[in-house]
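Chains as they are written, first to last, in the numbering used here: chain V, 1 to 146; chain B, 1 to 510. Using N, Cα and C, we set each Cβ at its ideal position, and we do this for glycine too.
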């Protein structure tokens, strides 16, 4: 069973990631699949907390604005997130912060996002392949590497 | 041989001189030492076995494969503290930053005076440390490959006249691929999986990965073996195959969270009532700088430098750069503001400040939970909240001295510092634990502490249980307090000592 319906996943993802300038848009399907996998790999309480926080944000949205989170416009969504995040109540703050971990991780781990930011894991891995370290011999100088 | 899950087709029944639960900084060195003396050694490790070829600099994959609960372990208390721990052959050493420091002298003195551990002498420890440093190729981080974040931060610290330098690391010919916490892709980091484990196997030790211990077999008040089962490492589902080992000596090395949990579940070795108590961790704050120039954070050694001006007061600053997906989560900004900040990621530098001597104590508790998980109770108290604030202010001050335009902190009301005025306001502020947005913590310690008094400790200075013959506990849990620095080298030193005592005891047995 999915943690959140796809529509809700999309609206939270859009609000949390907020498409940084010059970077690609969110990929709801791929990121949702990753989030499900990531949550399944962890403690069940973490997944429950993710669901509870998302529901909590919806509830807060209904109480304060009369609409669910996904029906708020982007501006109002940001205002609600900011309000929760700056709350002095750690529970309300945590409610806004916790789901963000999964949404942000799912977005920034994508190579098409990470590479423009300077983190090219494939290139680093390829370089590391050429510079394998062994306990019983020293590496050749870089210019001597194959 | 290292057995992977695919090698196990039926139940395993065998005997050995020594059976070890857990293959990290405690279990790995003991396995190697005893196997090198010709003893038969079997190690079971709950995590899977990975090699350099499996490390793809993918943090999320690493979390799901090599971290306990996919890196989602949190403490119950204030503030919200994320406590990452390794679960793989090599334990947390496979995913740590390779910082290899010796215990601080005053802390060893405190262990002598407060915990009755005079038998652990400084001379003996220094000999072991020296051996380990040579074996693990420990040397200071190379400034040439450390990366811009570290050199910039140290320049700021030097400008302020603070004591600082390059960290000693167990890494051979490190070229700064920026991925220590996700498995070293070049094999440079001398974690237990690339040092002690291959050597132990070379001497004949057998290591069963994906195998969780269920119980220590007890007969006549003595530990006589281990029972366990094989699990799918990702889903935790049992495969149906079990393991049953008879052994003369048993070593529990499951780490400072899972060793006490194991003992509490089985209800053994706890006549002192100290098992699970006295939990110490190193909570860490951070400060993120936005600079004019590029920092290129992922390149270089993630944790290569330190500022130890206030180590006597329990504050150590140690650098820690992270890839974008972790960086975004660490920023104290949400939604659009997080996105705006992340565009400047190439110009950002992040540094960590650890409370290396803490006044807060937590507890590992066996509460009914789904799966195999203890509850970790921990709240930041008293002076530690002040230390977290002081560490954060200090890092911000250093970043500004290094030329930062802006510094982001995890303290509510002080998320964005734009200059000296904001910094002064943070320095003057009095904060509570609830004002900290989130912390991470590392190095759980102390939950099966060693000591000279069986009423107040769980094991002797030899790491043998006060309550049960032939049961040794050896990992971070036996350190009676933080060594004041990253503890991996001290845990390994205790393991080398412990192996010596086991060897002596085995020699006396028929």
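Report task. Check residue 211 of chain B in the structure and name its three-state DSSP category. Result -> strand
Requested in this report: Identify the contact partners of residue 93 of chain V in chain C, using a Cβ-Cβ distance below 8 Å as the criterion.
Outcome: As a matter of chain content, chain C is missing from the structure shown, whose protein chains are V and B.
Query - Contact belief for residue 512 of chain B with residue 257 of chain B at Cβ below 8 Å, rounded distance in angstroms - result: Nothing about residue 512 of chain B can be reported from this structure: the residues present for chain B run from 1 to 510 only.
Requested in this report: Look at residue 275 of chain B and residue 23 of chain B and say whether their C-beta atoms are less than 8 Å apart.
Outcome: no
Query raised in the report: Less than 7 Å between the CB of residue 389 of chain B and some heavy atom of the ligand NAD, yes or no?
Result: Inclusion of the ligand NAD in the displayed structure is not the case, the ligand content being empty and no account of it being possible.
**Report entry** Expected contact under 8 Å - CB spacing of residue 328 of chain B and residue 399 of chain B to nearest Å
**Finding:** Their Cβ separation, rounded to whole angstroms, is 19 Å, which puts residue 328 of chain B and residue 399 of chain B out of contact at 8 Å.
Query raised in the report: Quick one, are the C-beta atoms of residue 145 of chain B and residue 300 of chain B less than 8 Å apart?
Result: yes
Query - Neighbouring residues, chain V, relative to residue 87 of chain B (Cβ below 9 Å) - result: Correct list: empty, because the minimum Cβ distance to chain V is about 11 Å.
Query raised in the report: Listed in chain order, which residues of the segment 30-45 of chain V have Cβ atoms closer than 9 Å to some Cβ of chain B?
Result: 34, 37, 38, 39, 40, 41, 42, 43, 44 and 45
**Report entry** Span separating the alpha-carbon of residue 296 of chain B from that of residue 147 of chain B
**Finding:** 8 Å
Query raised in the report: Hey, out of B:480, B:503, B:484 and B:487, whose CA is closest to residue 111 of chain B's CA?
Result: B:480
Report task. Below 6 Å CB to CB, which residues in the same chain sit around residue 503 of chain B once its five sequence neighbours on both sides are set aside? Result -> 37
Requested in this report: Taking only the alpha-carbon atoms, compute the straight-line gap between residue 30 of chain V and residue 12 of chain V and give it to the nearest angstrom.
Outcome: 15 Å
Query raised in the report: Taking C-alpha atoms, which residue in B:452, B:19 and B:143 lies nearest to residue 216 of chain B?
Result: B:19
Requested in this report: Answer yes or no: does any C-beta atom of chain B fall closer than 8 Å to that of residue 105 of chain V?
Outcome: yes
Requested in this report: Can you give me, in chain order, the residues of the segment 274-301 of chain B that have a beta carbon less than 7 Å from any beta carbon in chain V?
Outcome: 296 and 298
Query - Start-end ranges of the alpha helix (DSSP H) lying completely within the segment 311-368 of chain B, minimum 4 residues - result: 324-330 and 336-343
**Report entry** Coil, strand or helix - residue 241 of chain B by DSSP
**Finding:** strand
Query raised in the report: Hey, quick one: how far does the beta strand (DSSP E) through residue 508 of chain B stretch, first residue to last?
Result: Per DSSP, residue 508 of chain B belongs to no beta strand (DSSP E); it is in the alpha helix (DSSP H), 488-508.
Query raised in the report: Below 8 Å between beta carbons: does that hold for residue 376 of chain B and residue 314 of chain B?
Result: no
Requested in this report: May I ask you to list, following chain order, the residues of the segment 55-68 of chain V that have a beta carbon less than 9 Å from some beta carbon of chain B?
Outcome: none
Query raised in the report: For the segment 100-118 of chain V against the segment 12-26 of chain V, are there 3 or more C-beta pairs whose distance is under 8 Å?
Result: yes
Query raised in the report: With 8 Å set as the bound, which would you pick, yes or no: does the beta-carbon of residue 52 of chain B sit closer than that to a beta-carbon of chain V?
Result: yes
Query raised in the report: Cβ atoms of residue 171 of chain B and residue 21 of chain B: under 8 Å apart, would you say?
Result: no
Query raised in the report: By Cβ distance below 6 Å, which residues in the same chain neighbour residue 495 of chain B in space, the five residues on each side in sequence not counted?
Result: 26, 29, 30 and 474
Query raised in the report: Unbroken alpha helix (DSSP H) runs of length 4 or more, entirely within the segment 34-94 of chain B: which are they?
Result: 59-66
Query raised in the report: Which residue from B:168, B:138, B:179 and B:101 puts its Cα closest to that of residue 127 of chain V?
Result: B:179
Query raised in the report: At a Cβ threshold of 8 Å, is residue 8 of chain V touching chain B?
Result: no
Query raised in the report: Quick one: is residue 62 of chain V buried, meaning 16 or more other Cβ sit within 10 Å of its Cβ, or exposed?
Result: exposed
Report task. Check the Cβ of residue 82 of chain V against every Cβ in chain B and list those closer than 9 Å, keeping chain order. Result -> 334, 335, 336 and 337
Query raised in the report: Listing by chain order, which chain B residues have their CB less than 7 Å from the CB of residue 52 of chain V?
Result: In chain order: nothing, as chain B lies at least about 14 Å away.
Query raised in the report: Is the Cβ of residue 234 of chain B closer than 8 Å to any Cβ of chain V?
Result: yes
Query - residue 172 of chain B: contacting residues in chain V (beta-carbon distance under 9 Å) - result: 133, 134, 135, 138 and 139
Query raised in the report: Thinking just about the alpha-carbon of each residue, which of B:4, B:484, B:505 and B:476 is nearest to the one in residue 239 of chain B?
Result: B:4
Requested in this report: Express the C-alpha separation of residue 408 of chain B and residue 511 of chain B in angstroms, rounding to a whole number.
Outcome: Because residue 511 of chain B is not part of the residues shown, which for chain B are 1 to 510, the question remains open.
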